[in-house]
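What follows is a single structure, written as structure tokens, with notes after it.
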Amino acid sequence: MSVFNVFVILLLFVNCFGSGQVVEKKPDQHIKPIVIPPQYLKPIIGRVEWVEFPNWKLKLRARIDTGALSCSINAINIERVVENGETYILFDTFVNEKPVRLKSKFVKEAKVTSTSGVSEKRIMISELMKIGKYKEETMINLNDRNNLNYPILVGRNFLRGKFLVDVSLSHQLGD
């Protein structure tokens with residue numbers, strides 16, 4: 001190898017690696033950066049997610065419905081009982097097609113309008129509900145959802161301010 005070739009290789013090496021200088025490329029003036037407002041920096045959930053009820057030690061698949069005002073759970077065989085002056089609601093729901101008896105404190109009866117436009121009075125309870133890392137005491141109405149695909153419907157009263165919903169996705173927060 002000639003001295004000239006060694007000199008050229010050494011010069012290339014110094015120019016590429018040895019100078020220690022970093023050359024910054026200036027951004028293209030025609031491309032503007034995308035700025036995402038802070039209110040949109042939220043977890044994205046899909047049309048179906050897992051919902052946990054820690055007090056009941058229950059985990060169920062739920063339909064996410066931004067059109068629904070409140071959450072709803074499948075409930076049949078609903079009974080009111082009074083214990084120590086407090087009114088409780090006993091009802092059955094299903095886990096893997098097996099009935100499970102649940103108990104919750106009665107909150108009120110409220111008029112709820114279904115997607116078909118039919119209004120009816122439903123019992124409202126308040127339970128701790130968890131999706132992903134978000135956990136909150138939430139109002140839930142009791143409704144016979146046996147003919148529907150999901151035992152839980154998560155409405156705006158739980159979703160508001162916490163999530164963005166992408167209906168093309170499901171189970172974004174895990175299985």
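Counted from 1, the sequence shown has number 125 at position 125 by our numbering; the numbering is strictly sequential.
Where a beta carbon is used, it is the ideal one built from N, C-alpha and C, also for glycine.
Of the residues the options, the one placed nearest residue i, counting alpha carbons only
{"i": "Leu69", "options": "Met139, Leu41, Leu90, Ile89", "result": "Met139"}
{"i": "Lys121", "options": "Lys130, Met129, Glu127, Lys111", "result": "Lys111"}
{"i": "Leu90", "options": "Leu102, Val165, Asn141, Lys32", "result": "Leu102"}
{"i": "Gly155", "options": "Thr113, Ser168, Leu173, Val118", "result": "Thr113"}
{"i": "Arg80", "options": "Ser104, Pro37, Pro99, Tyr134", "result": "Ser104"}
{"i": "Lys133", "options": "Phe94, Tyr40, Val51", "result": "Val51"}
{"i": "Ile78", "options": "Ser116, Ile125, Gly174", "result": "Ile125"}
Length of the line joining the Cα atoms of residue i and residue j
{"i": "Asn146", "j": "Arg160", "result": "27 Å"}
{"i": "Asn96", "j": "Lys32", "result": "51 Å"}
{"i": "Phe106", "j": "Val35", "result": "46 Å"}
{"i": "Leu142", "j": "Asn74", "result": "6 Å"}
{"i": "Phe53", "j": "Glu127", "result": "7 Å"}
Residue i (DSSP reduced to helix, strand or coil)
{"i": "Pro38", "result": "helix"}
{"i": "Leu69", "result": "coil"}
{"i": "Lys26", "result": "coil"}
{"i": "Trp50", "result": "strand"}
{"i": "Leu60", "result": "strand"}
query = For the 8 Å Cβ check, are there 3 or more pairs between the segment 55-63 and the segment 142-159?
reply = With the cut-off at 8 Å, the segment 55-63 and the segment 142-159 touch.
Margin query: To test your reading of the DSSP string, which unbroken beta strand (DSSP E) runs of 3 or more residues are found completely within the segment 89-168?
Written below: Taking 3 residues as the shortest admissible run, the segment 89-168 contains the following complete beta strand (DSSP E) segments, listed from N- to C-terminal end: 98-113, 119-131, 134-143, 152-154.
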